[in-house]
Each structure stands twice: as C-alpha cells, then as structure tokens.
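Protein chains in written order, with the working numbering: chain A, 1 to 321; chain B, 1 to 306. All remarks here apply to the structure that follows.
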Amino acid sequence: MQNINKVCVVGAGAIGSLFVGHLGTLVETAVLTRRETHARDLNDKGLRVSGKSQLTARIHASTDPAELGDVDLIILATKATAVAAGAASLQGHFPRAKLLLVQNGLGCEETVRQYGDWPLISGVTFMSGVKHSDTHVEYELDTATWIGPWAEHGASFAFVKKVAELINRSGLKAEAYEDLLPHQWSKLIFNSAVNSIGAVTDLPHIKSFAERDQLSDLGHLVFAMMAEGRHIAEARGVVIAGDPWRMNVQAVSRGQSGDDEYGHVTSMLDDVRKHRPTEVDWITGAIVREAQKAGVPAPYHETLYRLVKAHETSWQRQPNK
Amino acid sequence: MRICIIGCGAVGSLFAAHLGRLNDVEVWAYDPYQAHVDAINANGLRLTGQSDFVAKVNARSDAAEIPPCEFGIVAAKTLHTRSAMEATQHLFANSAVCSVQNGVGNEEIIAEYVPRVITGTTFPAGHITAPGVCNQDTGGSTWIGPFAAKPASMGEVTRLAEACQRADLDVIAMEDARGAQWTKLIFNSASNAMGALTRLPHGVACDQPGVRALMSELAKEGAAVADKLGIVLDGDPDEMIDHGREVAYNHKPSMLQDVEAERPTEIDALNVGIAKIGREIGIPCPLNEAVAGMIKGLEHSWTLED
Chain A
1 MQNINKVCVV GAGAIGSLFV GHLGTLVETA VLTRRETHAR DLNDKGLRVS GKSQLTARIH
61 ASTDPAELGD VDLIILATKA TAVAAGAASL QGHFPRAKLL LVQNGLGCEE TVRQYGDWPL
121 ISGVTFMSGV KHSDTHVEYE LDTATWIGPW AEHGASFAFV KKVAELINRS GLKAEAYEDL
181 LPHQWSKLIF NSAVNSIGAV TDLPHIKSFA ERDQLSDLGH LVFAMMAEGR HIAEARGVVI
241 AGDPWRMNVQ AVSRGQSGDD EYGHVTSMLD DVRKHRPTEV DWITGAIVRE AQKAGVPAPY
301 HETLYRLVKA HETSWQRQPN K
Chain B
1 MRICIIGCGA VGSLFAAHLG RLNDVEVWAY DPYQAHVDAI NANGLRLTGQ SDFVAKVNAR
61 SDAAEIPPCE FGIVAAKTLH TRSAMEATQH LFANSAVCSV QNGVGNEEII AEYVPRVITG
121 TTFPAGHITA PGVCNQDTGG STWIGPFAAK PASMGEVTRL AEACQRADLD VIAMEDARGA
181 QWTKLIFNSA SNAMGALTRL PHGVACDQPG VRALMSELAK EGAAVADKLG IVLDGDPDEM
241 IDHGREVAYN HKPSMLQDVE AERPTEIDAL NVGIAKIGRE IGIPCPLNEA VAGMIKGLEH
301 SWTLED
C-alpha cells in the first residue's frame, strides 16, 4: 500500500487553503497556484489558519507542476468551473498519484479523466472557510468531508481510508465510504434546491426555505424540488443516504446567531452577487442531465436551471453593475 | 355625470385627462401623492407623448373632500386596492365602480365596498414624468363588462363606455369581459414573472430558449384555468409574447421595474391569482406556484439586512 508522504493541492481558494494549512503541518505539502504572486507569497510566509484551528504551515508553492516533484495524493480543490483548467495543468505530471476531488455537484470526475490516468477519489465537503488573503484562511464550519472511491476508475477503498485518516490527523474531519453516491446525492439534491432558488431570489438560506403555510411560501418549491431530486436519484439506482428536506429544516432552524433572518449566503448566491459564473451546470444542471439519462421528467430542476442561466446572461449584458 | 378616478398614476391619469375634456363630465381624482394632486389642481392634468393636451381635473388626497360620484374607475396598483376602497367607498353608496387594474382579484375586493362592480382590462400605458404630467407611451383598447358576482347593469356599463368613447378612449362594453381580462392576465403572468426572475428585458428573455419555453408553460397553465372557468380567451398569449418581442424588445415588464426599484410587485394579482383559482377548481399550476414563491422570496430579500 502506497504511503501518503507528499500531497499536492491544486487551487488555493478557501477549501484548498484549509487543506493546505492543515495537511502542511503533517506531511510535505505542495500547492499549485494559478498566479505567480500567490505562489511567491505562500513560499515566503507559509499559510496561516485561524478560527477553528490555529496553525501556520510551511509549504512549497509554484505555478509549474514540474517544480513540485512527485506526489502521492493530489487534492483538486478548484471550483467546478475551473476543474478542466486545473486538470489540464496537471496533464503528464504526478504519474504515481491518486487524485481527490472536492467540488460541488456531479460530473467533475469525467472531466479529470480526460487529462490523466490518476485513480480518482470522489469527495463531498461540508466544511467552510473564509479566505482573508493569499496566506491567511479562517476555518469556519468544521463539518466533515465525505470521500469514497470513484466507481468507474477509483483508488482502492483501503487507500481512501488512509486519506481520511490523514485528513483527520491534520485537524480537519473526514469520513470514508465504500459507496459515496448515496451521500453525494443527498448533498447534491440539497445544494441544487437551496443554491439555485437562493440565486434567483437573492435570498441567503433563511427560514423561508422551510415555510409551507401559504400557497406562495417558498418552502413548497424547495420541498417539491427535493422530492423531484430524490425521485431522479432513485431512477438512477441511488437510494440517498440523508433526507435533504430535513437537512434544510435543520440548517435554517439552527438559529446560529439568534437572529431569525440569519442565513448562510450560499456559494451560488455569492457568485451571483459578484457577477461570476456559477456552478449551476454541475449542480442543478447535473440533476437535469441525470434525469434525461434515466428518462424521467425534471420540471422543477429544469425551471431553476434555466432561470439561473438566464440570470447569468443579465450581468453578461451589463458587466459593470 | 360625475366620475372619480381612484389612483391617479399613469393609467389613472390617462382616463382622468381624457374624460376631463368633456363638458358634461365632472372628473375627480383620488390619489395620496400630494405633489401630483397639487400640480393637477393648480395647472390641470397634462398628457404628453401620444396625447398632448391639458384637462381640468379635481384632484384630492383626502377622499372626504370629494362629492358622491356616479362612477368610479379604479386604477391603483393592485396592492393598494383595499386601502383605496376603504378611503373612497362613501362616494359610491349607489354607484358602479370599474377596475382597470392588472390581474385578477381586484373586483372581489372592490365588491366588498360598493353595490355594483365592472370588470375592466386596459392596454394604454404611460408613466408620470413630473407632478401633474403623464406621458402616454402607448394607446390601445379597454374592455369592460359586468362583474358577475356583483354586476353593474349592462346599461350602466354602456353609459361609461360611451362617455369614454366621446373622450377618445377606445372603451368597449361587453356582456362578458373576462376573455380580455384573462388574455392580458396570462400574458402578464408569463412576461412579467420571467422578466422579474431573470432580470432581462422582455425581448432578451424571449431569446433564451429555455426561458421562452417557460413562458409558454406558464401561459398553458393559465389557459387551462381559464378554460375550466368557461372563459374564452380573445387572443393567443403565446402570439402576444412573440409580438411583444417584436415591438418592445428592450421593454422591462412592470414587475422587473418593481424588482429593480425593490418595490412590492403585483404578483398576488398575477401568478398567485392564477394558482389560487387553479387550486380552487382543481387545475394544477405547479409552475405558477413556483414562480409565485420565488417572487415572494425576492420581495422578502429586500427586507433583510446585508
């Protein structure tokens, strides 16, 4: 069994930086960045983690994978929209490595496969962080990352368990599953409804998402969309692990700040507000494609998918809001 | 004849100014916007754009200063129907009141306050450019007819239509005006809702194939509700959507204008109205319900602190 002595993280946004900062205190950790200045700052200062962990990791960063030597594990932590570019930059490098993906949604494994033969590990992460600078990330939500071998061309489950163990020892949380799909789909269905509805209505994830009293209460749509998602999963042979509606109700009734209207600003809403391309193609769009493969209707997912895509068009027309 | 316009915004001003030119009609207008009221009383109500004249109108922000009237024409935004009727009901103790507002549900509210009600649907549009001044953007017809649950007589409906005709307003009296009402309602439920949710002008929204298909889906649900109610549409909403793309490509539907200004929308009279009636009569309107929930959510987002 291959030991994990060296890791390379690709993409140092909030999630990537959390992996770098934690793993960097435990094993030799390299970072492949897009910008030269980002790599230089990381090499000079290391990466500081604040919040739920207090760490500073010394790491080796570069924009050129050839400078980073051989590694045992690649963690591809870009946004879904940048996976193709990230995987392309790895092409021909790190032949011995396994590769872990932690993007939202479905479909990134197929993209990575086009650029290399690395055995893949699928991942779903629930942790969150805020990147304050290129060399400082705040660890916010310390919830687990679920990982499992990709069915089509995966690493062995024994190796996946080793990765989970490494992540746990580093101070982050991970759980290994032999079959990740039921877990992946629970999160996918949850994310699809909460993110796309939030993106269209400009709402953070607040308690309206769970209200179903009046005919025009938003919870009806959330509920209907999640039921449709579950139906599509079943049509694809996946019995989902957790109930997305219950995840929704719990998330909005946690009352984290004691403020009734407090709500998490989802990544898609954040993208919309900043006029960046969203991950809707990998989330809501992925469910639409799965429904097509299964030959079942997906009217709610199609509606939200189209609305988010059209909404993206509105700021492409007026880029300087 | 004494007529009171209730809500003297753009549409109300078009009716008030046209009728104000007739010698045998005394026009009153009730509106809470004091600067507009004062300008109308000082200088008359001026129309610009497709019309260009000034007419004498007696405007008041306090309905107690208005004498009893033979007819009322309600042109307030649907959101304000109830408060406007509460303020003015004493003017219409034995009169007929006609709604020329958007959507469904206004007549039911008006009927709680006055003895006889007329359903109306109007196409002329404009916008207030300054206190006392309204620019007429488009012309078009208005269809009016007795509201079945609390009807005005056909004689009354005809009298009102004739007065408007003499004032150069193309108002057509019909036994059943619901065909026109529902045709415009269904068109609005598609074009307004999609504009508001995508933030795109009508023509641009139509050019997104997925969005254009949703407009047709919304229209189909509305048409099924109308059909079950026994209403014969007097136009094809899908053709109206395409026609709108041709003649008003860059037009922002009023609901999109409301969204951009973070004002409450008329969703209750449009998609919520269709969905509620659909529930009552057993015609499922899942897309209208979904859209209603999202627009309500959007309105709610403006109340949150950043």
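Just so you know, even glycine gets a beta-carbon here, dropped at the ideal spot from N, CA and C.
What's the C-alpha gap between Val249 (chain A) and Ile186 (chain B)? Taking the first residue of the first sequence as 1, we reach residue 249 (chain A) at position 249. Taking the first residue of the second sequence as 1, we reach residue 186 (chain B) at position 186. The straight-line gap from Cα to Cα measures roughly 34 Å.
Spatial distance of Gln256 (chain A) from Trp118 (chain A) (CA atoms): Within the first sequence, residue 256 (chain A) is the residue found at index 256, counting from 1. Within the first sequence, residue 118 (chain A) is the residue found at index 118, counting from 1. Because the pLDDT at Gln256 (chain A) is just 49, under 50, the model does not fix this residue reliably, and the value given afterwards should be weighed accordingly. When rounded, the distance between both Cα atoms is 41 Å.
Going by the DSSP bridge assignment, what does Pro146 (chain B) pair with across the sheet? One-based indexing of the second sequence puts residue 146 (chain B) at position 146. For Pro146 (chain B), which the question treats as bridged, DSSP gives the partners B:Ile118.
If you compare alpha carbons, which of B:Ala161, B:Thr198, B:Glu289, B:Lys184 is closest to Lys252 (chain B)? Here residue 252 (chain B) is taken as the residue at index 252 of the second sequence, counted from 1. Of the listed residues, the one whose Cα sits closest to Lys252 (chain B) is B:Thr198.
Apart from the five residues on each side of it in sequence, which residues of its chain come closer than 6 Å, Cβ to Cβ, to Leu23 (chain A)? For the purposes of this step, residue 23 (chain A) is taken as the residue at position 23 of the first sequence. Around Leu23 (chain A): Val7, Thr29, Ser170.
Find the nearest neighbour of Arg212 (chain B) within the set B:Gly244, B:Ala152, B:Lys228, B:Cys98, judged by alpha-carbon distance. For the purposes of this step, residue 212 (chain B) is identified with residue 212 of the second sequence, where counting begins at 1. Looking at the Cα atoms, B:Gly244 is the closest of the given residues.
Return the first residue and the last residue of the beta strand (DSSP E) that Gln136 (chain B) is part of. Position 136 of the second sequence holds residue 136 (chain B). Its beta strand (DSSP E) spans residues 133-138.
If the criterion is Cβ atoms closer than 8 Å, does the pair Leu221 (chain A) and Ile197 (chain A) meet it? Here residue 221 (chain A) is taken as the residue at index 221 of the first sequence, counted from 1. Here residue 197 (chain A) is taken as the residue at index 197 of the first sequence, counted from 1. Yes, they are a contact pair.
Residues that DSSP places opposite Phe53 (chain B) in a beta bridge: Counting from 1 along the second sequence, the entry for residue 53 (chain B) is found at position 53. B:Leu47, per the DSSP bridge assignment.
Decide if Asn58 (chain B) is buried, meaning its Cβ has at least 16 other Cβ atoms within 10 Å, or exposed. Counting from 1 along the second sequence, the entry for residue 58 (chain B) is found at position 58. Buried, by the Cβ-count rule.
Contacting residues, own chain, Cβ-Cβ under 7 Å from Ala199 (chain A) (five flanking each side not counted): Indexing the first sequence from 1 puts residue 199 (chain A) at position 199. Met268, Leu269, Val272, Thr278, Val308, His311.
Measure from the C-beta of Pro299 (chain A) to each C-beta in chain B and report whether the shortest distance is under 8 Å. Indexing the first sequence from 1 puts residue 299 (chain A) at position 299. Pro299 (chain A) counts as touching chain B.
Return the first residue and the last residue of the alpha helix (DSSP H) that Cys206 (chain B) is part of. The sequence position of residue 206 (chain B) within the second sequence is 206, counting from 1. It spans 202-206 - the alpha helix (DSSP H) in which Cys206 (chain B) sits, taken as one unbroken run.
Of the residues A:Gly129, A:Pro149, A:Thr145, A:Leu203, the one placed nearest Ala14 (chain A), counting alpha carbons only: Here residue 14 (chain A) corresponds to residue number 14 of the first sequence, with the count starting at 1. The option with the nearest alpha carbon to Ala14 (chain A) is A:Gly129.
Cβ neighbour criterion (16 or more within 10 Å) applied to Glu266 (chain B): Within the second sequence, the letter at position 266 stands for residue 266 (chain B). Counting Cβ neighbours within 10 Å, Glu266 (chain B) comes out buried, since at least 16 surround it.
Three or more beta-carbon pairs under 8 Å between the stretch 37-51 of chain A and the stretch 71-91 of chain A, yes or no? no
With DSSP collapsed to three states, give me the class of Arg60 (chain B). Looking up residue 60 (chain B) in the second sequence gives position 60. The answer is strand: DSSP assigns Arg60 (chain B) an E or B state.
Under the three-state reduction of DSSP, which class applies to Leu304 (chain B): helix, strand or coil? Residue mapping note: residue 304 (chain B) aligns to position 304 of the second sequence, counting from 1. Secondary structure of Leu304 (chain B) (DSSP, three-state): coil.
If we ignore side chains and look at the alpha-carbon of each, how far apart do Lys296 (chain B) and Asp217 (chain A) end up? Within the second sequence, the letter at position 296 stands for residue 296 (chain B). Within the first sequence, the letter at position 217 stands for residue 217 (chain A). C-alpha separation (whole angstroms): 7 Å.
Under a Cβ-count criterion, where at least 16 other Cβ atoms within 10 Å of its own Cβ denotes burial, should Ala93 (chain B) be classed as buried or exposed? Counting from one through the second sequence, the residue named residue 93 (chain B) turns up at place 93. Ala93 (chain B) comes out exposed.
Mapping DSSP to helix, strand and coil, what is Ser257 (chain A)? What you label residue 257 (chain A) is simply residue 257 of the first sequence in a count that begins at 1. Since pLDDT at Ser257 (chain A) reaches only 47, below the 50 mark, its modelled position is unreliable, and no value is offered.
Output the distance between the C-alpha atoms of Asn104 (chain A) and Ile75 (chain A), rounded to the nearest integer angstrom. Along the first sequence, one-based indexing puts residue 104 (chain A) at 104. Along the first sequence, one-based indexing puts residue 75 (chain A) at 75. Answer to the nearest angstrom: the Cα atoms are 14 Å apart.
Which same chain residues end up closer than 7 Å to Gly140 (chain B) when comparing Cβ atoms and leaving out the 5 residues on each side of it in sequence? Walking along the second sequence from the start, residue 140 (chain B) turns up at place 140. Hits under 7 Å: Phe123, Pro124.
Under the criterion of a Cβ to heavy atom distance below 7 Å, does Gly20 (chain B) qualify as lining the ligand FAD? By its list of ligands, the structure shown contains no ligand whatsoever, and the ligand FAD lies outside what it can speak to.
Interface flag, Val10 (chain A) vs chain B, CB-CB below 8 Å: Here residue 10 (chain A) refers to the residue found at position 10 of the first sequence. With 8 Å as the cut-off, Val10 (chain A) does not count as an interface residue toward chain B.
Tell me the rounded alpha-carbon separation between Asn102 (chain B) and Ala269 (chain B). Counted from its first residue, the second sequence places residue 102 (chain B) at position 102. Counted from its first residue, the second sequence places residue 269 (chain B) at position 269. Going from the Cα of Asn102 (chain B) to the Cα of Ala269 (chain B) covers about 7 Å.
Let me see if you follow: with CB-CB separation under 8 Å, is Val200 (chain A) close to chain B or not? Residue numbering aside, residue 200 (chain A) sits at position 200 when the first sequence is read from its first letter. So, interface residue.
Applying the criterion that 16 or more other CB atoms from any shown protein chain within 10 Å of the CB defines a buried residue, is Tyr249 (chain B) buried or exposed? One-based indexing of the second sequence puts residue 249 (chain B) at position 249. Per the 10 Å Cβ criterion, exposed.
State the CB to CB distance for the pair Ala39 (chain B) and Gly132 (chain B), rounded to an integer number of angstroms; the pair is presumed to be in contact (CB under 8 Å). Taking the first residue of the second sequence as 1, we reach residue 39 (chain B) at position 39. Taking the first residue of the second sequence as 1, we reach residue 132 (chain B) at position 132. Indeed, because the Cβ distance is near 3 Å, the residues count as touching under 8 Å.
Quick one: Cα of Glu309 (chain B) to Cα of Tyr305 (chain A), how far? Past the boundaries of the shown model lies residue 309 (chain B); chain B is included only from 1 to 306, so the question cannot be answered.
Roughly how far, in whole angstroms, is the beta-carbon of Val114 (chain B) from the beta-carbon of Gln89 (chain B), given that I think they are within contact range, below 8 Å? On the second sequence, position 114 is the one that residue 114 (chain B) refers to. On the second sequence, position 89 is the one that residue 89 (chain B) refers to. Yes, they are in contact, since the Cβ atoms of Val114 (chain B) and Gln89 (chain B) sit about 6 Å apart, within 8 Å.
Going along chain A, which residues have a C-beta under 8 Å from Gln208 (chain B)? As a working mapping, residue 208 (chain B) is identified with position 208 in the second sequence. Going along chain A in sequence order, the residues near Gln208 (chain B) (Cβ under 8 Å) are Arg306, Lys309, Ala310, Thr313.
So, helix, strand or coil for Arg58 (chain A), using DSSP? Here residue 58 (chain A) refers to the residue found at position 58 when the first sequence is read from its first residue. Residue state, collapsed to three classes: coil.
Can you list, in chain order, the residues of its chain whose CB lies under 8 Å from that of Glu36 (chain A), leaving out five sequence neighbours each side? As a working note, residue 36 (chain A) is residue 36 in the first sequence. The answer, listed in chain order, is Thr63.
My guess is that Leu18 (chain A) and Val137 (chain A) are in contact by the Cβ rule of under 8 Å, so how many angstroms apart are they, rounded? To locate residue 18 (chain A), count along the first sequence from 1; it is residue 18. To locate residue 137 (chain A), count along the first sequence from 1; it is residue 137. At roughly 6 Å, the Cβ-Cβ gap stays under 8 Å, so Leu18 (chain A) and Val137 (chain A) are in contact.
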